[in-house]
Amino acid sequence: MVKWDRLAESKSVVLFATTSVIQAVVLICLQLRIFTRNVYGWLNLNSELGGAADACLYSGTFDSFMILTFESVMFIFLYLFQLYVCISAVLHKNTIQVFMIALTNFCYVVLGVVQLIETKETHNKILNDCPMIAFDPEFMIREVPNIIMITLLAFVMGYLSFKLYKQFGWIIYKKIGDDIQMQSRYRTRLIFLMLLKLNLLMILLFSILIVPYSINGSEKTLVYIDFIFFMSVSLFNALAYKSITNEYKNGMNSFLTFWVIAMAVYGWFFYIGFSLTFAYKLYIGSIFGIFFLLLGVLTFVIGISVTKNFGKGLKEYLTIHKSGIKKIEEYEYKYDNNHNSNSNNNNI
């Protein structure tokens with residue numbers, strides 16, 4: 071069975087994969103409309119201020135537009151990552167990723183509402199501090215359609231994710247057998263691997279959000295530290311992945327030691343996120359800060375659980391069942407194809 075053929079192995083999978091692509095295209099297009107509006111406000115605000123430039127700049131309006139612009143870029147990267155996770159979940163029949171997809175889709179609804187509130191706050195700031203600026207945010211044709219489509223697609227993807235979760239649920243049984251403890255260890259491993267991906271994504275998105283600090287020239291040190299931290303997390307994530315595959319306890323202990331430092335950095339990111347909220351009323355900063363803390367602690371706790379499971383038979387189970395699983399999947403694929411061909415011939 072060719073790996074990419076899994077994208078067409080059932081109607082549920084085809085619908086899920088197709089809807090994932092449609093979701094990414096639609097939400098990116100809607101976000102680009104918000105992005106162009108924010109870019110226009112950012113680039114034209116300073117040139118239209120005239121003699122009241124100091125008052126407007128002091129109010130933080132210019133910085134708010136800049137941050138909102140890069141926030142839109144951040145959302146576009148987020149939707150692309152969502153598409154990657156959807157396709158990856160199908161190719162690897164990963165129930166943990168399917169569950170995460172359903173959960174994050176509803177989180178996007180919250181983020182869409184937050185984006186609308188932030189734009190309204192920035193608009194109110196312009197009306198109060200920069201009344202000479204004519205700026206129409208056009209909420210009804212930009213943010214509102216975005217929220218409506220996010221909500222509709224969240225319910226559709228939630229339903230399809232539920233169907234896929236049931237379809238893929240027996241994969242764990244096929245790989246592990248009926249040993250409940252072994253199934254639990256395998257799920258813990260999948261959760262930890264998903265957390266590794268989420269950590270890299272969050273740091274990347276945070277890097278986009280703090281680009282304005284680099285442009286302003288006020289906090290370039292923050293940008294440099296974030297880049298170094300991203301590279302460090304990438305290296306230790308690779309170490310953790312290799313250590314889990316080979317059940318290399320020293321490697322995981324090194325990762326967990328590094329992660330104590332990572333959680334301290336996440337605490338600093340938490341402070342920066344709330345600073346954005348208090349300074350510019352951009353609530354996405356607070357959401358990032360809270361999520362960093364939760365993600366950091368959860369990664370550490372699950373990492374300890376994964377390490378404790380070393381030497382308890384999971385590696386051997388996966389190794390023994392690997393060739394057998396491949397043969398079963400090839401048989402199922404050929405059977406489904408033959409069954410579909412016979413059905414088509416009978417219909418003719």
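The sequence shown begins at 71 in this note's numbering and counts up one residue at a time. For each residue, glycine too, the CB sits at the ideal point set by N, CA and C. In this text, all values refer to a predicted model and were calculated from it rather than measured experimentally.
(1) Residues in the same chain with beta-carbon distance under 8 Å from Y149, minus the five sequence neighbours each way, listed in chain order, please.
(2) Does the distance from the CB of N269 to the CB of L365 come in under 8 Å?
(3) DSSP state of F344, grouped into three classes?
(4) Do K351 and F238 have their C-beta atoms closer together than 8 Å?
(5) Evaluate the contact criterion for the stretch 180-199 versus the stretch 223-231: three or more CB pairs, one atom per stretch, below 8 Å.
(6) Let me know the secondary structure DSSP gives E386 once reduced to three states.
(7) Pair every Cβ in the stretch 356-374 with every Cβ in the stretch 320-339, then say whether three or more of these pairs are closer than 8 Å.
(8) On a Cα-Cα basis, can you pick out the residue from I342, L326, Y353 and S356 that is closest to K378?
(9) Using the three-state DSSP reduction, which class does N379 fall into: helix, strand or coil?
(10) With DSSP collapsed to three states, give me the class of E141.
(11) Taking DSSP as the reference, what is the three-state secondary structure of L271?
(12) Starting from N316, follow the alpha helix (DSSP H) in both directions and report where the run begins and ends.
(13) For Y178, which three-state DSSP category applies?
(14) If you reduce the DSSP assignment to three classes, tell me which class D199 lands in.
In this structure, then:
(1) Here residue 149 refers to the residue found at position 79 when the sequence shown is read from its first residue. These residues qualify, in order along the chain: Q93, A94, L97, I98 and Q101.
(2) Counting from one through the sequence shown, the residue named residue 269 turns up at place 199. Counting from one through the sequence shown, the residue named residue 365 turns up at place 295. Contact: yes.
(3) Taking the sequence shown and counting its residues from 1, one reaches residue 344 at position 274. DSSP places F344 in helix when its eight states are reduced to three.
(4) As a working note, residue 351 is residue 281 in the sequence shown. As a working note, residue 238 is residue 168 in the sequence shown. Result no, Cβ atoms of K351 and F238 do not sit closer than 8 Å.
(5) no
(6) Along the sequence shown, read from residue 1 onward, the residue named residue 386 stands at position 316. Note: E386 maps to helix in three-state DSSP.
(7) yes
(8) Taking the sequence shown and counting its residues from 1, one reaches residue 378 at position 308. The shortest Cα separation from K378 among I342, L326, Y353 and S356 belongs to L326.
(9) Taking the sequence shown and counting its residues from 1, the one referred to as residue 379 is at position 309. Residue state, collapsed to three classes: coil.
(10) Your numbering for residue 141 matches position 71 in the sequence shown. DSSP places E141 in helix when its eight states are reduced to three.
(11) Stepping through the sequence shown from its first residue, residue 271 is reached at position 201. Note: L271 maps to helix in three-state DSSP.
(12) Position 246 of the sequence shown, counting from 1, holds the residue named residue 316. Taken as a continuous stretch (DSSP letters only), the alpha helix (DSSP H) holding N316 covers K290 to N316.
(13) To locate residue 178, count along the sequence shown from 1; it is residue 108. In the structure shown, Y178 sits in a helix (DSSP, three-state: H, G or I).
(14) On the sequence shown, residue 199 is found 129 positions in, with the first residue counted as 1. Note: D199 maps to helix in three-state DSSP.
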